[in-house]
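S.K.: Protein chains in written order, with the working numbering: chain A, 1 to 172; chain B, 173 to 344.
One structure coming up, written as structure tokens, with questions to follow.
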DNA sequence: AGATACACTGTAATAGTATAACATTGCAAG
DNA sequence: CTTGCAATGTTATACTATTACAGTGTATCT
Ligand SMILES: [Zn+2]
Ligand SMILES: [Zn+2]
Ligand SMILES: [Zn+2]
Ligand SMILES: [Zn+2]
């Protein structure tokens, strides 16, 4: 799954490094590169607005509201009406380049686009950072729970609120 | 945990019967009775608005938006401004008598109030009914995922979208 | 009972999130 | 070229949620 580097790639290892010190410039540009490759392979267009929105989301391990994104777009000369942001965000979500975080009414860049995953988010209530956790076991448990009553799980949103290691250390 | 009946109590067995044929009048009145007892035991007041909102939520295994609830309240002579509904819903959620379903921006009655549980919801995309699934294994998996990177899970929302047995049978 | 305190409800105003509908632009296939 | 389609821009509107303040009832303490 991971791409190849000459040197170790802190952005590409599991588990997610959102809460750890890491080379985030690499982490972000790596995700962007992978999204570009995937878009090309799928024959969909990562247009300027869409690409810029993804870059904005990638700047931090944090979820941004549609209107936060929109304000930044507007300041950079793109349209300044809600659909501009929502359309780009919807596109990114469809392509698996970003996820919607329902608990926050916000959106976050996907940190490992291309790998099939139904994301599980760990959201720090103190610093607002968030991490995409390995969700396979969770998804399995959810499907098992569904199966017991004949329910077929097609999609899921799993979001935990809590304290990240840093904020826990700081005694929040 | 379950209360006692002379006869079998379809509303009080696990797993949740939302998608199965069951005596829902019983199922609902049972949940209401338990909420009343819990409120009394805790010294909190299940006032007329609050109680009515819970009854409304209990009418079906379905989530209702705050404004759906509000419209019904207004039609029955209660206040007709948003806070009337939101305050009652917040109260019910705090007391564990109802849950917020983030995926739907809506609220659903808890079908087994009093039992400690972080709920997992199974939401049918065809008929909109929803079921509270046993969430302990899911919660455990989520906490394990968090622990791996030092994240402490305090609360979680787990919501699956899919097809219930009936709608699956009907070929939706 | 009267005074006090506080929880609950009512209401108005506003903030925040999201979509529908239609006009315009820009590229791609025929 | 022109026809079609995808993407963007723009207006208006719908839906969700909170803040702030006023009034009312209920419990408690003299
Ligand atoms: Zn990073
Ligand atoms: Zn944190
Ligand atoms: Zn029932
Ligand atoms: Zn169904």
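Ideal placement from N, C-alpha and C gives every residue a C-beta, glycine not left out.
Going by DSSP in three states, residue 118 of chain A sits in which element: helix, strand or coil?
M.R.: The answer is coil: DSSP assigns residue 118 of chain A none of H, G, I, E or B.
S.K.: Residues bridged to residue 99 of chain A by DSSP?
M.R.: According to DSSP, which records beta bridges pairwise, residue 99 of chain A is partnered with A/108.
S.K.: Determine which residues share a DSSP beta bridge with residue 162 of chain A and list them.
M.R.: Partner(s): A/124 and B/325.
S.K.: Can we count residue 199 of chain B as close to ligand 3, meaning its CB is less than 7 Å from some heavy atom?
M.R.: True, at least one ligand heavy atom lies under 7 Å from that Cβ.
S.K.: So with CB distances below 8 Å, who are the chain A contacts of residue 292 of chain B?
M.R.: Simply 142 and 145.
S.K.: Which of the residues in the segment 250-275 of chain B, read from start to end, lie with their CB under 7 Å from any CB of chain A?
M.R.: Within the segment 250-275 of chain B, the residues whose Cβ lies closer than 7 Å to some Cβ of chain A are 274 and 275, listed in chain order.
S.K.: Could you check the C-alpha separation between residue 64 of chain A and residue 319 of chain B for me, to the nearest Å?
M.R.: One C-alpha to the other measures close to 25 Å.
S.K.: Can a CB atom of chain A be found closer than 8 Å to the CB of residue 336 of chain B?
M.R.: So, interface residue.
S.K.: Whole-angstrom Cβ separation of residue 302 of chain B and residue 256 of chain B, contact assumed at under 8 Å?
M.R.: Rounded, the Cβ-Cβ distance is 24 Å, inconsistent with contact.
S.K.: For residue 93 of chain A, name the three-state secondary structure that DSSP assigns.
M.R.: Helix.
S.K.: Below 7 Å, is the gap between the Cβ of residue 16 of chain A and the nearest heavy atom of ligand 2?
M.R.: No, the Cβ of residue 16 of chain A stays beyond 7 Å of every heavy atom of ligand 2.
S.K.: What is the residue span of the beta strand (DSSP E) that residue 304 of chain B lies within?
M.R.: Unbroken beta strand (DSSP E) run through residue 304 of chain B: 302-305.
S.K.: Just how far apart, CA to CA, sit residue 153 of chain A and residue 35 of chain A?
M.R.: Approximately 27 Å between the Cα atoms of the pair.
S.K.: Count the other CB atoms, across all protein chains shown, that sit within 10 Å of the CB of residue 215 of chain B; report buried if there are 16 or more and exposed otherwise.
M.R.: Residue 215 of chain B should be labelled exposed.
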